[in-house]
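Remember, the numbering used here sits 631 above the position in the sequence shown when you count from 1. Here a beta-carbon is modelled for each residue, glycine too, at the ideal position from N, C-alpha and C. None of these values were measured; they are calculated from a predicted model.
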Amino acid sequence: MHHFDVVLKLLLRNSFARVAGRPVARWLETELPKVQKPSIDMLGETADGELIHIELQSGNDDEMPFRMLEYLGRIGKLHHRIPRQVLLYAGRETLRMPSEITWPDGSHRYQLIDMRDVDSEPLLASAEPSDNVIAILARLKDSYAAVRRILENLSKLPGEKASEYFQALLIIAGLRGLEEAVQQEAQRMFTIDLSENKVLGPVYLQGQLGLLRQQIERKFGTLPEWVEDKLSQLSAEEVKAAGFRVLEAASLEDLFR
632 MHHFDVVLKL LLRNSFARVA GRPVARWLET ELPKVQKPSI DMLGETADGE LIHIELQSGN
692 DDEMPFRMLE YLGRIGKLHH RIPRQVLLYA GRETLRMPSE ITWPDGSHRY QLIDMRDVDS
752 EPLLASAEPS DNVIAILARL KDSYAAVRRI LENLSKLPGE KASEYFQALL IIAGLRGLEE
812 AVQQEAQRMF TIDLSENKVL GPVYLQGQLG LLRQQIERKF GTLPEWVEDK LSQLSAEEVK
872 AAGFRVLEAA SLEDLFR
């Protein structure tokens with residue numbers, strides 16, 4: 632989840648209110664003292680001083696209720712306030728995690744949001760590019776139509792900003808298996824060779840490499856270091872050619888001969 636985690640945290644700084652309905656006025660330090668996982672994902676404070684603690688998950692974790700309870704105590708001890716907690720789920724699998732933990736003398740509940748239950752329309756219609764990008768994780772009537780709207784919105788941004796958000800879109804689109812749809816739609820809409828485009832070219836290449844890496848791992852398993860080295864040296868054309876060769880290759884050596 633590492634790449635998704637980093638990108639989502641950056642996007643949610645501007646979009647959390649529209650996703651969870653709770654505006655955060657400022658974001659706080661997320662390092663926690665003496666805890667197995669030394670940091671939480673996000674910690675914010677509303678204008679009236681309420682703490683909001685957010686954890687992001689792209690997979691089901693049976694230990695999550697215990698983790699949330701542990702974080703509650705650690706944050707409370709550090710800030711002398713009990714936070715309101717939100718667990719945001721953006722995975723492909725059906726959500727199976729509970730929103731509470733109970734024991735004979737009490738219980739602990741937290742808000743659990745499955746991004747598939749979030750209406751994408753307000754996010755797509757927003758003037759905030761972070762909202763537009765996060766919309767790809769929400770409930771979509773038509774995935775390709777949503778991708779088109781997102782790209783249309785991003786195309787209005789200055790070049791460097793457009794590239795930044797396009798890269799974020801490519802990364803989190805992987806949580807829905809839509810990274811290829813994003814690339815195809817961008818190619819169709821802008822009628823350009825993305826691989827040759829100065830702004831989007833490097834982002835496009837990274838996206839293509841990600842798809843190729845997935846293809847190779849499905850067929851041959853975990854990639855050795857020498858294969859990673861080979862992949863890092865490929866051009867856009869070589870990545871495309873390798874994608875075709877994967878189907879017929881009998882071994883990694885055969886693929887990179």
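Counting along the chain, GLN798 sits inside the alpha helix (DSSP H) bounded by residues 790-804.
Its Cα nearest to that of ILE706, the residue ILE671 stands out among PHE697, MET728, GLN815 and ILE671. Each of GLY874, GLN864 and LYS861 was checked against the Cα of LYS850, and the nearest Cα belongs to GLY874. Under the three-state reduction of DSSP output, ASP745 falls in the strand class.
Take ARG807, set aside five residues on each side of it, and the residues of its chain with a beta-carbon closer than 8 Å to its own are ARG723, ILE767, LEU768 and SER774, in chain order. Counting along the chain, GLY737 sits inside the beta strand (DSSP E) bounded by residues 737-740. By the CB criterion at 8 Å, LEU700 and HIS684 fall outside the cutoff. For GLU676, the beta-bridge partners assigned by DSSP are ARG657 and LEU682.
With fewer than 16 other Cβ atoms inside 10 Å of its own Cβ, ASP885 counts as exposed. Restricting attention to ALA881, ARG727, ALA758 and LEU703, the CA atom closest to the CA of ASN645 is found in ALA758. Straight-line spacing of the CA atoms in ILE744 and LEU687 works out to 10 Å.
In terms of Cβ geometry, VAL764 and ILE713 do not form a close pair [threshold 8 Å].
Rounded to whole angstroms, the separation of the alpha carbons of ARG653 and ASP679 is 12 Å. Excluding its 5 nearest sequence neighbours in each direction, PRO760 has C-beta neighbours in its own chain below 7 Å: ASN784, LEU785, LEU788 and TYR796, listed in chain order. In this structure, the CA atom of ARG747 is about 8 Å from the CA atom of LEU771.
In the DSSP annotation of this structure, ARG727 is not part of any beta strand (DSSP E), being labelled neither H nor E.
Less than 8 Å separates the beta-carbon of VAL778 from that of VAL813.
Around the beta carbon of PHE647, 16 or more other beta carbons sit within 10 angstroms, so the residue counts as buried.
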